[in-house]
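Sequential numbering of the sequence shown, starting at 3, is according to my numbering.
Even for Gly, the Cβ is constructed at its ideal location relative to N, Cα and C.
Here is the structure we will look at, set down as structure tokens.
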Amino acid sequence: MRIGIDIGSTAAKAAAFEGDELICTLIVPTGFNGVDAAMRLADELRSRGIDPTSCDASVVATGYGRVSVPYAGKTVTEITCHGRGATYLFGGDGTVIDVGGQDTKVIQLANGKVKKFVMNDKCAAGTGKFLEVIADRMGVTQEQLAELAAAGKPTQISNMCTVFAESEVISLIGKGEPRENIANGVIESVVSKLSSLANNLIVGDVFLTGGLCENEYVVARLSEHLQRPVTTNPSARYAGAIGAALSA
């Protein structure tokens with residue numbers, strides 16, 4: 003049994019393989035404590051008949067909290083794991099854009115391995131946390147934010163800093179700007195940030211992983227900005243955990 007544990011800043015994921023077959027994926031909120039998140043994942047795995055602490059299990063941890071997994075046999079960097087997981091999911095070389103809670107990674111794959119990569123700066127701009135904060139301020143979910151954006155007209159959000167952008171959104175709300183237009187401006191600002199980060203590294207097909215992989219509107223807008231199709235699937239949020247399991 004090969005198990006990958008990906009402790010991210012917002013969500014902790016697990017993936018388990020029996021032989022070459024992916025038999026289980028799990029996700030729980032990371033919360034305040036990475037060790038607690040790892041133990042909650044272990045409990046969830048056991049409820050499905052998979053014991054990550056058994057002698058038959060080989061466990062690899064990744065993500066920003068990878069050192070917080072007490073039952074992991076080793077740790078592997080998230081760049082390597084996301085690259086390997088994306089290769090498994092999409093079956094070819096290309097460019098991976100991974101949108102995490104606190105950072106965004108662009109990974110160029112060649113012959114199934116990481117060739118080059120770039121990460122955003124320490125600002126949360128262009129990440130899942132940015133959208134989470136703005137959606138909370140507008141009183142909607144991230145899914146509802148995308149639905150509003152699809153029905154809105156462009157409204158410029160000039161600040162990419164999460165704190166200042168939140169203040170800008172509050173100001174726009176106060177001026178009576180329609181929520182649809184504000185949502186449109188917020189998502190356009192995120193997609194613009196992602197495309198700027200990725201443009202100089204893109205080779206071949208483009209794959210989106212991370213928490214926005216099921217957001218059809220973001221995928222469509224990113225495809226438009228990059229002027230090429232962006233491929234994803236629901237399992238892409240588990241790419242890091244899958245890659246970690248494959249490294250076990």
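I'd like the list of long-range same chain contacts for residue i, defined as Cβ closer than 7 Å, with 5 residues on each side in sequence excluded.
i	result
Arg68	Ile9, Thr77
Val220	Ala148, Ile189, Val193, Leu214
Asn186	Ala151, Gly154, Lys155, Pro156, Thr157
Glu168	Val135, Ile136, Arg139
Tyr73	Ala44, Pro54, Thr55, Val61
Arg48	none
Give me, in chain order, the residues of the same chain whose beta-carbon lies closer than 8 Å to that of residue i; leave out the 5 immediate sequence neighbours on both sides.
i	result
Glu46	Ala16, Leu28, Val30
Ser60	Met3, Arg4, Ile5, Gly75, Ala250
Asn35	Ser70
Val146	It is Gln, not Val, that sits at residue 146 in the sequence shown. Excluding residues within five positions, the ones whose Cβ falls inside 8 Å are Ala137.
Express the C-alpha separation of residue j and residue i in angstroms, rounding to a whole number.
i	j	result
Met1	Asp53	Any question about residue 1 goes unanswered here, given that the chain covers just 3 to 250.
Val135	Lys117	33 Å
Val208	Ala13	23 Å
Ala88	Val71	23 Å
Leu199	Pro236	23 Å
Gly206	Gln229	12 Å
Thr211	Thr97	11 Å
Gln144	Ala137	6 Å
Phe119	Leu203	8 Å
Val142	Asn217	15 Å
Gly93	Asp105	25 Å
Val37	Gly65	13 Å
Pro231	Arg239	18 Å
His227	Thr233	14 Å
Ile81	Ala222	25 Å
Phe132	Gly102	10 Å
Leu1	Ala241	Examination of residue 1 is not possible in this model, given that the chain is present from 3 through 250 alone.
Ser56	Asn183	53 Å
Met121	Arg86	17 Å
Phe166	Asp58	50 Å
Pro180	Val171	11 Å
Ser225	Leu24	29 Å
Gly114	Ser11	26 Å
Ala246	Tyr90	11 Å
Phe19	Lys195	35 Å
Gly130	Asn201	20 Å
Can you round the beta-carbon distance between residue i and residue j to whole angstroms, since I take them to be within the 8 Å contact cut?
i	j	result
Arg50	Cys26	6 Å
Ser197	Ile159	With 8 Å as the limit, Ser197 and Ile159 do not qualify as a contact, their Cβ atoms being about 15 Å apart.
Gly33	Ala39	6 Å
Can you list, in chain order, the residues of its chain whose CB lies under 6 Å from that of residue i, leaving out five sequence neighbours each side?
i	result
Ser249	Val62, Val78
Asp100	His84, Lys107, Thr211, Gly212
Ala112	Asp95
Ala243	Gly6, Asp8, Lys15, Ala16, Ala17
Lys177	none
Gln110	Thr97, Lys117, Lys118, Leu203, Val205
Asp22	none
Please indicate yes or no: does the CB of residue i lie closer than 6 Å to some heavy atom of the ligand ATP?
i	result
Gly65	As presented, the structure is devoid of all ligands, the ligand ATP included, so that no description of it is given.
- request: Only counting runs of 4 or more residues, tell me where the alpha helix (DSSP H) segments fall wholly within the region 54–123, in order along the chain.
  value: 80–92
message: I'd like the ranges of any alpha helix (DSSP H) spanning at least 4 consecutive residues and lying wholly in the region 190–246.
response: Counting only runs of 4 or more, we get 218–228.
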